[in-house]
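*Asks:*
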Amino acid sequence: MPAHAIETHDLVRTFRVRKSRQNPSGAPIVALDGVTMQVPPGELFGLLGPNGAGKTTLIKILVTLLLPTSGRASVDGYDVTTQAQQVRERISMVSGGEHSGYGLLTVREQLWMFAQFYGIPTPEAHARIDRLLQVVGLFEERHRKVQELSTGMRQKMNLVRGLVSEPQILFLDEPTVGLDVEAGRDVRAYIKTWMSEHPGRTILLTTHYMSDAEELCDRVAIIHKGKIIAADTPAGLKQTAQSGSYFVLSIERLDGGAEFLSGIPGVARVDASSRDGHTELHVTLADDGAIAGVVTALAQRGRRILKLQKVEPTLEEAFVALVGRRFEEADEARGP
Amino acid sequence: MTTSTMPLPAAAPLRRTWYAVKGRSYPRTVGGLREPSWIFYDIALPLLGVAAFVYVYRALGAPPHFTGYVIMGGATIAFWLNVMWLMAAQFYWEKHQGNLELYMMAPCGLVAILLGMAFGGLLATTLRAAVVIAAGVFLFNMDFTVSSWPLFLLLFALGLVALYGLGMFFSSLFLLWGREAWHTVQLLQEPVYLVSGFYFPVRALGPWVGMAASVIPITLALDGLRQVMFPAVHPGLLPLAWEVAGLAALAVLFTLLALWMLQFMERLAKQEGRLSFRW
Numbered sequence: 001m002p003a004h005a006i007e008t009h010d011l012v013r014t015f016r017v018r019k020s021r022q023n024p025s026g027a028p029i030v031a032l033d034g035v036t037m038q039v040p041p042g043e044l045f046g047l048l049g050p051n052g053a054g055k056t057t058l059i060k061i062l063v064t065l066l067l068p069t070s071g072r073a074s075v076d077g078y079d080v081t082t083q084a085q086q087v088r089e090r091i092s093m094v095s096g097g098e099h100s101g102y103g104l105l106t107v108r109e110q111l112w113m114f115a116q117f118y119g120i121p122t123p124e125a126h127a128r129i130d131r132l133l134q135v136v137g138l139f140e141e142r143h144r145k146v147q148e149l150s151t152g153m154r155q156k157m158n159l160v161r162g163l164v165s166e167p168q169i170l171f172l173d174e175p176t177v178g179l180d181v182e183a184g185r186d187v188r189a190y191i192k193t194w195m196s197e198h199p200g201r202t203i204l205l206t207t208h209y210m211s212d213a214e215e216l217c218d219r220v221a222i223i224h225k226g227k228i229i230a231a232d233t234p235a236g237l238k239q240t241a242q243s244g245s246y247f248v249l250s251i252e253r254l255d256g257g258a259e260f261l262s263g264i265p266g267v268a269r270v271d272a273s274s275r276d277g278h279t280e281l282h283v284t285l286a287d288d289g290a291i292a293g294v295v296t297a298l299a300q301r302g303r304r305i306l307k308l309q310k311v312e313p314t315l316e317e318a319f320v321a322l323v324g325r326r327f328e329e330a331d332e333a334r335g336p
Numbered sequence: 001m002t003t004s005t006m007p008l009p010a011a012a013p014l015r016r017t018w019y020a021v022k023g024r025s026y027p028r029t030v031g032g033l034r035e036p037s038w039i040f041y042d043i044a045l046p047l048l049g050v051a052a053f054v055y056v057y058r059a060l061g062a063p064p065h066f067t068g069y070v071i072m073g074g075a076t077i078a079f080w081l082n083v084m085w086l087m088a089a090q091f092y093w094e095k096h097q098g099n100l101e102l103y104m105m106a107p108c109g110l111v112a113i114l115l116g117m118a119f120g121g122l123l124a125t126t127l128r129a130a131v132v133i134a135a136g137v138f139l140f141n142m143d144f145t146v147s148s149w150p151l152f153l154l155l156f157a158l159g160l161v162a163l164y165g166l167g168m169f170f171s172s173l174f175l176l177w178g179r180e181a182w183h184t185v186q187l188l189q190e191p192v193y194l195v196s197g198f199y200f201p202v203r204a205l206g207p208w209v210g211m212a213a214s215v216i217p218i219t220l221a222l223d224g225l226r227q228v229m230f231p232a233v234h235p236g237l238l239p240l241a242w243e244v245a246g247l248a249a250l251a252v253l254f255t256l257l258a259l260w261m262l263q264f265m266e267r268l269a270k271q272e273g274r275l276s277f278r279w
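Chains as they are written, first to last, in this note's numbering: chain A, 1 to 336; chain B, 1 to 279.
(1) Restricting to runs no shorter than 4 residues, where is the alpha helix (DSSP H) found entirely within the stretch 121-200 of chain A?
(2) According to the neighbour-count rule (16 or more other Cβ atoms, all chains shown, within 10 Å of its Cβ), is P27 (chain B) buried or exposed?
(3) May I ask which residues mark the beginning and end of the alpha helix (DSSP H) holding Y69 (chain B)?
(4) May I ask you to report which of helix, strand or coil DSSP gives L240 (chain B)?
(5) Thinking just about the alpha-carbon of each residue, which of B:A212, B:A249, B:Y69 is nearest to the one in V54 (chain B)?
(6) When the Cβ atoms of the stretch 8-15 of chain A are set against those of the stretch 163-179 of chain A, are three or more pairs found closer than 8 Å?
(7) Determine the extent of the beta strand (DSSP E) in which S274 (chain A) is found, giving its start and end residues.
(8) From what residue to what residue does the alpha helix (DSSP H) around M117 (chain B) run?
(9) Could you give the residue range of the beta strand (DSSP E) that holds L306 (chain A)?
(10) Determine contact between the stretch 227-242 of chain A and the stretch 65-84 of chain A, defined as no fewer than three beta-carbon pairs at a distance below 8 Å.
(11) So what does DSSP say about Q22 (chain A), is it helix, strand or coil?
(12) Return the chain-ordered list of same chain residues with a C-beta closer than 7 Å to the C-beta of R253 (chain A), the five sequence neighbours on each side being excluded.
(13) Go through the stretch 76-119 of chain A residue by residue and report every complete run of the alpha helix (DSSP H) that reaches 4 residues or more, in order.
(14) Report the rounded CA-to-CA distance for P336 (chain A) versus K225 (chain A), giving the unit in angstroms.
(15) Does the separation of the CB atoms of G137 (chain A) and D212 (chain A) fall below 8 Å?
(16) Going along the stretch 87-104 of chain A in order, which residues come within less than 8 Å of chain B, judged by CB to CB distance?
(17) Since A230 (chain A) is in the alpha helix (DSSP H), which residue starts that stretch and which ends it?
(18) Got a sec: is the Cβ-Cβ distance from P336 (chain A) to anything in chain B below 8 Å?
(19) Residues in its own chain within less than 6 Å of C217 (chain A) by CB, not counting five upstream and five downstream?
(20) Does I29 (chain A) pass the burial test, meaning 16 or more other C-beta atoms within 10 Å, or should it be called exposed?
(21) Please state whether DSSP places F144 (chain B) in a helix, a strand or coil.
(22) Look at L298 (chain A) and I251 (chain A) and say whether their C-beta atoms are less than 8 Å apart.
(23) Could you name the residues of the stretch 41-65 of chain A whose beta carbon sits closer than 7 Å to any beta carbon of chain B, in the order they occur along the chain?
(24) So with CB distances below 9 Å, who are the chain B contacts of E109 (chain A)?
(25) Between the alpha carbons of S364 (chain A) and N82 (chain B), how many angstroms are there, rounded?
(26) Could you please give me the residues that DSSP links to D33 (chain A) through a beta bridge?
(27) Taking 8 Å as the CB-CB limit, is G178 (chain A) close to chain B?
(28) Going by beta-carbon coordinates alone, are L308 (chain A) and L249 (chain A) separated by less than 8 Å?
(29) For W208 (chain B), does the three-state DSSP call read helix, strand or coil?
(30) Compile a chain-ordered list of the residues in the stretch 109-132 of chain B whose CB is closer than 9 Å to at least one CB of chain A.
(31) Could you tell me whether the stretch 130-144 of chain A touches the stretch 99-117 of chain A, using the rule of 3 or more Cβ pairs below 8 Å?
(32) Just to check my reading of the structure: E266 (chain B) and L127 (chain B) have Cβ atoms closer than 8 Å, yes? What is that Cβ distance to the nearest angstrom?
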């Protein structure tokens, strides 16, 4: 068994673009900028980053759909550029919002068709399909046409499609995107079950849902503007953000912004959002003591504090600490 | 590179190819049964077009075998449309639906997938063509005598291999150009009706135009089949043996060209990032 299920070294991918109003210079877009990482076998590794960070580009290179501009990548010990066939025999991929297959086929027929592409004999394919459909709770729908499935059902079927070939390494590209809470929970639950039932198998999961990364991953890499800026366990990453204290305050509606709080000694960052007649403040402080200054300043403005809570840092705070902005801000900065 | 000692999910390549052909042909064959609208669109409507030409020939007092020419042409159009829209252009739809990425990643390879499409399409289209001919015989008293069934089957088989090879060749263009390659298909559709002699003996265009049109396998296949079905009256473009040899050469040429082109275009598409990202 190779030391690393997935390994990349100084991976770069650029895309040529035509000159346009958005890109008047016509300079190539750098989607990946020297990505180096290793994922050992048996790990559920998460790639966390805002839209356009390079997550999907990286996954497309690893599943042999895209060639790197420079650098190296290997999957299960095989080079993705020169040994694509060997890589393809060992992997599978499931993407969020996927509409693959043919609506006229039933769920079971569709899954059988994909199993054929991996050379699985029909009796074996049917046995695997039925077993997996039972696990994800779709067995009763097996004779239903694909076009009649809900989004959640469809994504569960896609997950079964990805697993029916029993891949050594599974790539999940935003697998819970667009799912309702219950379907998302089911998908996450089955990913965990699959990992525990198949020790030695590896999953690379890309997501921009913090909860997915936090709940599922053994390790998480934060990717931003094509670079991996940190990689650690979720707990380790949160430690990164723990250089200060983090408070959430609910106060009477604060009009005119909360910038005045940023000038208070010990206040590192303030984010405010208002709704339903009150304002919620997320305050990052150098230390606990600085909260006194915040409370005083709010009292001077005549704003009553409805709730004050010290919270443990999340991966979101880790992202803020590393990138200097929140996830949504990074999404917005990328533009439409 | 390290070699993995893990058990492979892969089957023997040949068996996997056969399974993939079977798997991908399934939606094509079962689709016809689940969506019977094809009876109207693929049989009733083309028959109207065929009927128009039959009545033109009858109004002009043309010999009765011209009715047979037209019906044969009408039946063969189904193959041409199948190859152009459901083989060549199919990758556009597959890409749009998200299937293309999954096909590319599958260890069976794109050729097996395309063979599956061809096999499924061929079965469905042969059935449709047979129904058009049967309807022609029944409605317009089409009269024909097959002079040699082995020769008929040989021409039919070679024609199909060459034709679907051409379809595979064109499908590689869609890997790279996506929607833009539609124009190629549109460009080929109507002119081929003319230059391949779908509704008249291709020799009527003159031998040189007929020879040039023979690059499209359907020209020689259709002319050869007409020579076998109407042996006494059909003015063939070339001697039958030459047409068989020509079709065999085209079958080999387009198959090899398709294999090379698919490999080349796949690499180019992966370099350019057109499989997934740009349309």
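Heads up, the beta-carbon is just placed ideally off N, CA and C, and yes, glycines get one too.
Quick caveat, the model's predicted, so the values are computed rather than measured.
*Replies:* Walking through what the data contain:
(1) 122-136, 151-163, 181-197
(2) Within the second sequence, numbered from 1, the residue matching residue 27 (chain B) stands at position 27. Buried, by the Cβ-count rule.
(3) Numbered from its first residue, the second sequence carries residue 69 (chain B) at position 69. That run of the alpha helix (DSSP H) goes 65-83.
(4) Numbered from 1 along the second sequence, position 240 holds the residue referred to as residue 240 (chain B). It is helical.
(5) In the second sequence, counting from the first residue as 1, residue 54 (chain B) sits at position 54. The shortest C-alpha separation from V54 (chain B) is found at B:Y69.
(6) no
(7) By 1-based counting over the first sequence, the position of residue 274 (chain A) is 274. Counting along the chain, the beta strand (DSSP E) containing S274 (chain A) begins and ends at 267-275.
(8) On the second sequence, residue 117 (chain B) is found 117 positions in, with the first residue counted as 1. DSSP places M117 (chain B) inside the alpha helix (DSSP H), whose first and last residues are 110-140.
(9) Reading the first sequence from its first residue, position 306 is the one you call residue 306 (chain A). Counting along the chain, the beta strand (DSSP E) containing L306 (chain A) begins and ends at 305-310.
(10) no
(11) Walking along the first sequence from the start, residue 22 (chain A) turns up at place 22. Coil, per DSSP.
(12) Residue 253 (chain A) sits at position 253 when you count from the first residue of the first sequence. So the qualifying residues of the chain are S274, G277, H278, T279.
(13) 84-88, 107-116
(14) For the purposes of this step, residue 336 (chain A) is identified with residue 336 of the first sequence, where counting begins at 1. For the purposes of this step, residue 225 (chain A) is identified with residue 225 of the first sequence, where counting begins at 1. Only weak support exists for where P336 (chain A) lies, its pLDDT of 41 falling under 50; the coordinates are left without a value.
(15) The count along the first sequence starts at 1 and reaches residue 137 (chain A) at position 137. The count along the first sequence starts at 1 and reaches residue 212 (chain A) at position 212. For G137 (chain A) and D212 (chain A), no; Cβs fall outside 8 Å.
(16) R88, E89, R90, I91, S92, M93, S95, E98, H99, S100, G101, Y102, L104
(17) Reading the first sequence from its first residue, position 230 is the one you call residue 230 (chain A). Taken as a continuous stretch (DSSP letters only), A230 (chain A) belongs to no alpha helix (DSSP H), being part of the beta strand (DSSP E) at 227-232.
(18) In the first sequence, the residue the question calls residue 336 (chain A) occupies position 336. Below a pLDDT of 50, predicted positions are generally treated as unreliable, and P336 (chain A), at 41, falls in that range; the measurement from the model is reported next regardless. Cβ-Cβ to chain B under 8 Å: no for P336 (chain A).
(19) The sequence position of residue 217 (chain A) within the first sequence is 217, counting from 1. Counting only Cβ-Cβ distances below 6 Å, and skipping sequence neighbours, we find L44, G46.
(20) Within the first sequence, numbered from 1, the residue matching residue 29 (chain A) stands at position 29. I29 (chain A) is exposed by the Cβ-count criterion.
(21) Counted from its first residue, the second sequence places residue 144 (chain B) at position 144. In the displayed model, F144 (chain B) falls within coil according to three-state DSSP, outside both helix and strand.
(22) Here residue 298 (chain A) is taken as the residue at index 298 of the first sequence, counted from 1. Here residue 251 (chain A) is taken as the residue at index 251 of the first sequence, counted from 1. Yes.
(23) K60, V63, T64, L65
(24) Within the first sequence, residue 109 (chain A) is the residue found at index 109, counting from 1. Within chain B, the residues near E109 (chain A) are Y26, P27, V30.
(25) Coverage of chain A is limited to positions 1 through 336, which leaves residue 364 (chain A) absent and any answer about it impossible.
(26) Stepping through the first sequence from its first residue, residue 33 (chain A) is reached at position 33. Bridge partners of D33 (chain A): A:V12.
(27) As a position in the first sequence, residue 178 (chain A) is number 178, starting the count at 1. By this cut-off, G178 (chain A) is not an interface position.
(28) Residue numbering aside, residue 308 (chain A) sits at position 308 when the first sequence is read from its first letter. Residue numbering aside, residue 249 (chain A) sits at position 249 when the first sequence is read from its first letter. Yes, they are a contact pair.
(29) Indexing the second sequence from 1 puts residue 208 (chain B) at position 208. If DSSP states are grouped into helix, strand and coil, W208 (chain B) belongs with the helices.
(30) G109, A112, I113, G116
(31) yes
(32) Start at 1 with the first residue of the second sequence, and residue 266 (chain B) comes out as number 266. Start at 1 with the first residue of the second sequence, and residue 127 (chain B) comes out as number 127. Rounded, the Cβ-Cβ distance is 32 Å, inconsistent with contact.
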